[in-house]
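Trainee: Sequence lines, in order, name chains E and Y.
Oh and the first sequence: position 189 is 189 in the working numbering, straight run, nothing missing.
Oh and the second sequence: position 169 is 169 in the working numbering, straight run, nothing missing.
Think of the CB as a built atom: it goes at the ideal place given N, C-alpha and C, for glycine as much as any other residue.
Take a look at the following structure, please.
2 protein chains.
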Amino acid sequence: MASEQAAGTSGRRGYHHGDLRNALTEAAVERARAGGPQAIVLREAARATGVSSTAAYRHFANHHELVVAVKDRGLAMLAATMRDELAGGEPCSDPGDEALRRLRAAGLGYVRFAFAEPGLFRTIFHGGTEGDPMIGRRQAALAAGDGEGHLPGTPDESEESYSLMSRALDELVALGRLPAERRKYSDVVMWSAVHGLSVLLLDTELAHLPDEIKADIVRRGIDVALNGL
Amino acid sequence: MASEQAAGTSGRRGYHHGDLRNALTEAAVERARAGGPQAIVLREAARATGVSSTAAYRHFANHHELVVAVKDRGLAMLAATMRDELAGGEPCSDPGDEALRRLRAAGLGYVRFAFAEPGLFRTIFHGGTEGDPMIGRRQAALAAGDGEGHLPGTPDESEESYSLMSRALDELVALGRLPAERRKYSDVVMWSAVHGLSVLLLDTELAHLPDEIKADIVRRGIDVALNGL
DNA sequence: ATTGAATGTGCGCAGTGTCAACATGGGGAT
DNA sequence: ATCCCCATGTTGACACTGCGCACATTCAAT
Chain E
1 MASEQAAGTS GRRGYHHGDL RNALTEAAVE RARAGGPQAI VLREAARATG
51 VSSTAAYRHF ANHHELVVAV KDRGLAMLAA TMRDELAGGE PCSDPGDEAL
101 RRLRAAGLGY VRFAFAEPGL FRTIFHGGTE GDPMIGRRQA ALAAGDGEGH
151 LPGTPDESEE SYSLMSRALD ELVALGRLPA ERRKYSDVVM WSAVHGLSVL
201 LLDTELAHLP DEIKADIVRR GIDVALNGL
Chain Y
1 MASEQAAGTS GRRGYHHGDL RNALTEAAVE RARAGGPQAI VLREAARATG
51 VSSTAAYRHF ANHHELVVAV KDRGLAMLAA TMRDELAGGE PCSDPGDEAL
101 RRLRAAGLGY VRFAFAEPGL FRTIFHGGTE GDPMIGRRQA ALAAGDGEGH
151 LPGTPDESEE SYSLMSRALD ELVALGRLPA ERRKYSDVVM WSAVHGLSVL
201 LLDTELAHLP DEIKADIVRR GIDVALNGL
């Protein structure tokens, strides 16, 4: 009975684990961190948790659901990283500058997470969106563009990272730093800018560039986006 | 010696196939088109080609090499789509406007390909870059930034799509439409802009948006990038 | 204590990547 | 034309994966 797991939240105090779903997810997250989405293998996670493979099927309908669970965790960590970046810099006195600082910080945090956790980042954006979190389900609303002139959203709470940028943009408009007519789609465009930077500098030959150059590119990319808006 | 090309699909006149590598790649491309990188399964490709699974190992060291072959094909198709888009619109009389039109067309072609061939697009950017084509191998040169002030490249001929945008930018500089000091990294930024748009509108809940909205977002995204440069 | 629903276990099936040993036959040296 | 080499294909097997089925164990409500 000398199992490797000793304490913490996953006690395994007998036949029943008590928190298997969580334990499995954590194990899967660990693999994903190291090897990306491909490294998420159900049997492995079960093995690492000290439980039979089929036990996992009591908590996940199939392999994909495990992946989705990992995506969720990753998304939360993404948001956390962005929030950290937000809180990191010192606020500007001018409200307009401050809003802009926040937008830039949000974008920077996004890229920073991608670099810090490439495995998780790749896992988050992997395969279609069938059964995923992100931006939420009510796309119907998105379709018709709402009265405020931008994509509504912040569905549940999953897409906090998205709303961070979105809110900063709202402030910019409120403070007159961004013409209201340009508000529409600005969030998506900003998001796509930082996402593109992340992916290219991570999964392309560009990944071999020295870090300083990458940092320059990221700065430039974000500046271009902010300028262009 | 006379007949050996006849069939593009597969000759199979006897024990030896004659063009297995190509046939396998084609089969794999077909699966990838329909189901993305995950759909590239070596045994399946062999089966579809009417050959034993292990025969593939005479032409590909392992599964990954097959995927790389598909990536190559996809890259070529990407470039083709972009070139089509370039040739599609009518040229502007003013050279500066023309260069700008080309840059925009290149970007639009990029996104258009992503929408037209999502499976291949996802395959191209899948997993690390170990043993891939793209941007080429000489990153050392990239590191030090060259005299012209932008990332050199056009390695072999694989990254034609990249060079299409890069050349348009060069023209813009030559014609005084873009300050030379902003030329640096502009290609990467432009590329990342269109890439981000493609990925987000393809692999996110945003994918459920109606096509018109997507088109609007793409337009806006590209405009922002061009403006920001 | 009984019992039913959760939860976990073993076993098996189909399918995949990959390797080793063997078969075939096309093309160059003779 | 002949012969032999070796690139190209084939069969068989191993390890591993996702997943379903029948059975075991436990917790909780009766």
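According to DSSP, simplified to helix, strand and coil, what is serine 52 of chain Y?
Mentor: Looking up residue 52 of chain Y in the second sequence gives position 52. Coil at serine 52 of chain Y, not helix or strand.
Trainee: Return the CA-CA distance between arginine 112 of chain Y and threonine 54 of chain E, expressed in angstroms with no decimal places.
Mentor: Here the question's residue 112 of chain Y lines up with position 112 in the second sequence. Here the question's residue 54 of chain E lines up with position 54 in the first sequence. Taking the straight line joining both Cα atoms gives about 43 Å.
Trainee: Please go through the same chain and pick out, in chain order, the residues whose beta-carbon is closer than 6 Å to the beta-carbon of threonine 154 of chain E, but skip the five residues on each side of it.
Mentor: The count along the first sequence starts at 1 and reaches residue 154 of chain E at position 154. At threonine 154 of chain E the pLDDT is 39, less than 50, meaning the model places this residue with poor confidence and gives no usable figure here.
Trainee: Note the first and the last residue of the continuous alpha helix (DSSP H) segment covering glutamate 85 of chain E.
Mentor: Position 85 of the first sequence, counted from the first residue, corresponds to residue 85 of chain E. Glutamate 85 of chain E -> alpha helix (DSSP H) spans 63–88.
Trainee: Using a C-beta to C-beta distance shorter than 7 Å, which residues of chain Y count as neighbours of leucine 229 of chain E?
Mentor: One-based indexing of the first sequence puts residue 229 of chain E at position 229. Result: Val224.
Trainee: Give the DSSP-derived three-state secondary structure of valine 224 of chain E in the structure shown.
Mentor: Walking along the first sequence from the start, residue 224 of chain E turns up at place 224. The answer is helix: DSSP assigns valine 224 of chain E an H, G or I state.
Trainee: Considering only residues of the segment 166–222 of chain Y, which uninterrupted alpha helix (DSSP H) runs meet the minimum length of 4 residues and lie entirely inside it, listed in chain order?
Mentor: Runs found: 186–203.
Trainee: Is the segment 105–120 of chain Y touching the segment 80–90 of chain Y, taking contact as three or more C-beta pairs under 8 Å?
Mentor: Because the criterion of three Cβ pairs below 8 Å is met, the segment 105–120 of chain Y and the segment 80–90 of chain Y touch.
Trainee: Could you tell me if arginine 43 of chain Y is buried or exposed, where buried requires 16 or more neighbouring beta carbons within 10 angstroms of its beta carbon?
Mentor: By 1-based counting over the second sequence, the position of residue 43 of chain Y is 43. With fewer than 16 other Cβ atoms within 10 Å, it is exposed.
Trainee: Alpha carbon to alpha carbon, how far is glycine 18 of chain Y from threonine 204 of chain Y? Give it in angstroms, no decimals.
Mentor: Counting from 1 along the second sequence, the entry for residue 204 of chain Y is found at position 204. Counting from 1 along the second sequence, the entry for residue 18 of chain Y is found at position 18. Their Cα atoms are separated by approximately 42 Å.
Trainee: In whole angstroms, what separates the C-alpha of proline 91 of chain E from that of leucine 100 of chain E?
Mentor: For this step, residue 91 of chain E is matched to residue 91 along the first sequence. For this step, residue 100 of chain E is matched to residue 100 along the first sequence. Going by the C-alpha atoms only, they are around 10 Å apart.
Trainee: Cα separation between histidine 16 of chain Y and alanine 61 of chain Y?
Mentor: By one-based count along the second sequence, residue 16 of chain Y stands at place 16. By one-based count along the second sequence, residue 61 of chain Y stands at place 61. Rounded to whole angstroms, histidine 16 of chain Y to alanine 61 of chain Y spans 19 Å at the Cα level.
Trainee: Nearest chain E C-beta to leucine 197 of chain Y closer than 8 Å, yes or no?
Mentor: Taking the first residue of the second sequence as position 1, residue 197 of chain Y is located at position 197. Answer yes: the Cβ-Cβ gap between leucine 197 of chain Y and chain E drops below 8 Å somewhere.
Trainee: What would DSSP say about isoleucine 124 of chain Y, mapped onto helix, strand or coil?
Mentor: Residue numbering aside, residue 124 of chain Y sits at position 124 when the second sequence is read from its first letter. Reduced to three states, the DSSP call for isoleucine 124 of chain Y is helix.
Trainee: Compare the C-alpha of arginine 122 of chain Y against each of Y/Ile213, Y/Ile40, Y/Ile217, Y/Ala80 and name the closest.
Mentor: In the second sequence, residue 122 of chain Y corresponds to position 122, counting from 1. It is Y/Ile40.
Trainee: Could you tell me the distance, in whole angstroms, from the CA atom of glycine 196 of chain Y to the CA atom of aspartate 223 of chain E?
Mentor: As a working mapping, residue 196 of chain Y is identified with position 196 in the second sequence. As a working mapping, residue 223 of chain E is identified with position 223 in the first sequence. Roughly 16 Å between the two C-alpha positions.
Trainee: Run through chain E and tell me which residues come within less than 8 Å of serine 166 of chain Y, C-beta to C-beta.
Mentor: Taking the first residue of the second sequence as position 1, residue 166 of chain Y is located at position 166. Within chain E, no residue comes near serine 166 of chain Y; the closest Cβ sits about 13 Å away, beyond 8 Å.
Trainee: Pick helix, strand or coil for aspartate 97 of chain E, following the three-state DSSP scheme.
Mentor: Within the first sequence, numbered from 1, the residue matching residue 97 of chain E stands at position 97. Helix.
Trainee: From Y/Tyr185, Y/Leu172, Y/Asp170, pick the residue whose C-alpha is nearest to that of isoleucine 213 of chain E; which is it?
Mentor: Numbered from its first residue, the first sequence carries residue 213 of chain E at position 213. Minimum Cα distance to isoleucine 213 of chain E is reached at Y/Tyr185.
Trainee: Which residue wins for smallest C-alpha separation from glycine 96 of chain Y, given the options Y/Leu78, Y/Ala45, Y/Val67, Y/Pro179?
Mentor: Counted from its first residue, the second sequence places residue 96 of chain Y at position 96. The candidate whose alpha carbon is nearest that of glycine 96 of chain Y is Y/Pro179.
Trainee: Taking glycine 35 of chain E as part of the alpha helix (DSSP H), name the residues at either end of that continuous run.
Mentor: As a first step, residue 35 of chain E is located in the first sequence; it is residue number 35 there, counting from the start. Taken as a continuous stretch (DSSP letters only), the alpha helix (DSSP H) holding glycine 35 of chain E covers 20–35.
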